[in-house]
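Visitor: Numbering (this note's numbering), first residue to last: 89 to 512. Virtual Cβ for every residue (Gly too), placed ideally from N, Cα, C. Just so it is clear, the structure is predicted and the values come from calculations on it, not from any experiment.
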RNA sequence: GGAGAGUUGGCAGAGUGGUAAUGCAACGGACUCGAAAUCCGCCGAACCGGCUUAUACCGGCGCGCAGGUUCAAAUCCUGUACUCUCCUCCA
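Right, here's the structure in full:
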């Protein structure tokens with residue numbers, strides 16, 4: 089949620105910024121009108137309560153409750169109660185209207201973002217690595233995987249439908265090697281706490297990170313319980329501290345977790361129908377940071393560097409782009425995407441997304457910290473993939489494929505593959 | 001799934017209808033060269049509204065959460081979440 093004080097104080101700035109994210113100015117006008125109306129209603133109801141408290145105070149002090157004077161006061165309070173009830177109802181109604189808008193406004197984009205409605209305006213910032221050259225026609229990863237008998241999409245379709253996969257033998261081993269490698273890197277070298285979180289969360293938790301109420305279509309919610317299968321570990325990791333007030337000395341703190349991510353992929357029918365690129369269930373190693381407001385952009389850079397290191401150690405060529413105002417996620421003020429080189433399609437493909445959400449999620453999930461002077465403020469939260477495991481398997485199969493259909497194992501993974509150097 | 005107990009300020013812990021004891025910790029002060037001990041003071045800076053440059057201040061709200069009864073609810077009633085114990089079941 090955007091800090092209401094910012095919207096009150098700088099409505100024109102907010103309108104201009106949210107315009108770049110598809111929000112009409114009149115929505116902000118509505119917001120401000122409800123906000124003012126709400127505060128007026130609160131003042132009115134509180135004033136009535138004050139009157140009531142004075143009267144009940146007098147009644148409780150009265151020695152003779154049956155005296156005419158006291159009875160008159162009791163009658164007065166009875167009447168006042170009706171007025172208060174009406175005032176409360178009016179206030180609640182206005183508040184609900186205000187809140188309806190407030191919780192659906194996306195975060196304010198940072199000034200440094202390229203302005204544009206979609207990915208066409210994303211800007212490349214830097215490249216790393218050498219794009220591999222092949223003296224044969226490189227195959228797509230699903231073809232390599234099926235030929236080697238390590239990926240089985242057909243049987244997964246039989247059992248679960250489209251966008252599922254079985255990994256088998258060296259394929260399963262490669263997936264496991266990758267996420268162990270990633271977790272070791274994040275925990276041992278980069279200072280993250282390793283977490284295994286719940287994979288089913290409540291609606292309130294989904295609200296905290298910004299998926300709800302706007303994006304219920306993108307996830308799987310279990311009908312019988314109302315619980316949702318996490319679409320990313322960001323949800324349980326960021327909400328770890330929901331409702332809490334942390335100590336300043338405990339910040340920053342970093343979490344990482346390997347979890348499956350479940351996504352309905354509603355609205356992406358027909359896109360990336362083949363291979364590991366777009367699945368209903370995929371493994372992802374996620375990184376989440378909690379930090380003081382003044383540090384969050386510095387933390388975003390190091391978070392992105394942490395993700396880059398995964399790809400660099402694996403020897404996969406990638407580039408980094410900054411997402412445009414319209415392409416960045418709902419909760420994010422600034423997002424860097426890492427895109428890995430995929431030889432068969434000749435394109436860079438998203439494999440990590442690193443975002444600074446500022447206090448947007450912290451306000452929703454009520455994650456605060458107490459400063460040394462005793463005052464309380466919201467933390468800033470960040471999240472990034474470090475990295476999507478399934479897409480990394482795809483990238484390795486394609487980038488490390490050899491003419492005979494075998495796949496070389498990247499050096500850093502050999503020990504995680506029990507010494508295996510080639511998948512054949 | 002069944003039965004019972006519990007949820008109060010940073011922590012401990014009273015309070016069965018009249019508006020949140022007390023202890024510890026913390027904080028401020030006195031004493032001291034300084035510290036400890038002791039004494040005095042203060043202590044919901046969780047949140048909301050008003051007034052403010054900001055404090056302060058005023059008010060609201062506040063005893064897990066949401067409702068209800070009452071002039072008045074931590075106290076009574078209903079629902080619900082979570083924790084613990086026992087039983088059942090189970091990886």
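In terms of alpha-carbon separation, which member of 460, 90, 485 and 367 lies closest to residue 245?
Guide: 367
Visitor: Let's see if you can read the secondary structure: which residues bound the alpha helix (DSSP H) around residue 368?
Guide: Element bounds for residue 368: n/a, residue is neither H nor E.
Visitor: Just reading off the alpha helix (DSSP H) that residue 130 is part of, what are its end residues?
Guide: For residue 130, the enclosing alpha helix (DSSP H) begins and ends at 113-149.
Visitor: Distance, Cα to Cα, residue 106 vs residue 91?
Guide: 14 Å
Visitor: What residue from 361, 353, 359 and 377 has the CA that sits closest to residue 325's CA?
Guide: 377
Visitor: Give, in chain order, every unbroken run of the beta strand (DSSP E) that is at least 3 residues long and sits entirely within the segment 215-295.
Guide: If only uninterrupted beta strand (DSSP E) runs of at least 3 residues are considered, those enclosed by the segment 215-295 are 281-283.
Visitor: What ranges does the beta strand (DSSP E) occupy inside the segment 360-410, keeping only unbroken runs of at least 3 residues that lie completely in it?
Guide: 369-379 and 406-410
Visitor: Let me confirm a value: residue 359 is counted as buried when at least 16 other C-beta atoms fall within 10 Å, else exposed. Which label applies?
Guide: Residue 359 is classed as exposed because its beta carbon has fewer than 16 other beta carbons within 10 Å across all chains shown.
Visitor: I'd like the span of the beta strand (DSSP E) that includes residue 516, first residue to last.
Guide: Given a span of 89 to 512 for the chain in the structure shown, any question on residue 516 remains unanswerable.
Visitor: On the DSSP bridge assignment, give the partners of residue 317 in chain order.
Guide: 288
Visitor: My output table needs one value for residue 334: the three-state DSSP class, helix, strand or coil.
Guide: strand
Visitor: Would you please state the rounded distance, in angstroms, between the beta carbons of residue 224 and residue 491? I believe it to be under 8 Å.
Guide: Approximately 5 Å separates the beta-carbon atoms of residue 224 and residue 491; this is inside 8 Å, confirming the contact.
Visitor: Taking the Cβ atom as the reference point for each residue, do residue 406 and residue 217 lie within a distance shorter than 8 Å?
Guide: yes
Visitor: Would you be able to state if there are at least three C-beta pairs under 8 Å between the segment 288-300 and the segment 312-328?
Guide: yes
Visitor: Taking C-beta to C-beta, are residue 273 and residue 477 nearer than 8 Å?
Guide: no
Visitor: Within its chain, find whatever has a CB closer than 7 Å to the CB of residue 383; leave out the 5 residues flanking it on each side and keep chain order.
Guide: 340
Visitor: Helix, strand or coil, according to DSSP, for residue 358 in the structure here?
Guide: coil
Visitor: Drop a sphere of 10 angstroms on the beta-carbon of residue 205, count the other beta-carbons inside from all chains shown, and report buried for 16 or more, exposed for fewer.
Guide: exposed
Visitor: Assuming residue 139 and residue 168 make a contact with CB atoms under 8 Å, what is their CB distance in whole Å?
Guide: 6 Å
Visitor: Return the first residue and the last residue of the beta strand (DSSP E) that residue 470 is part of.
Guide: 468-476
Visitor: Residue 158 lies in the alpha helix (DSSP H); which residues open and close that run?
Guide: 156-190
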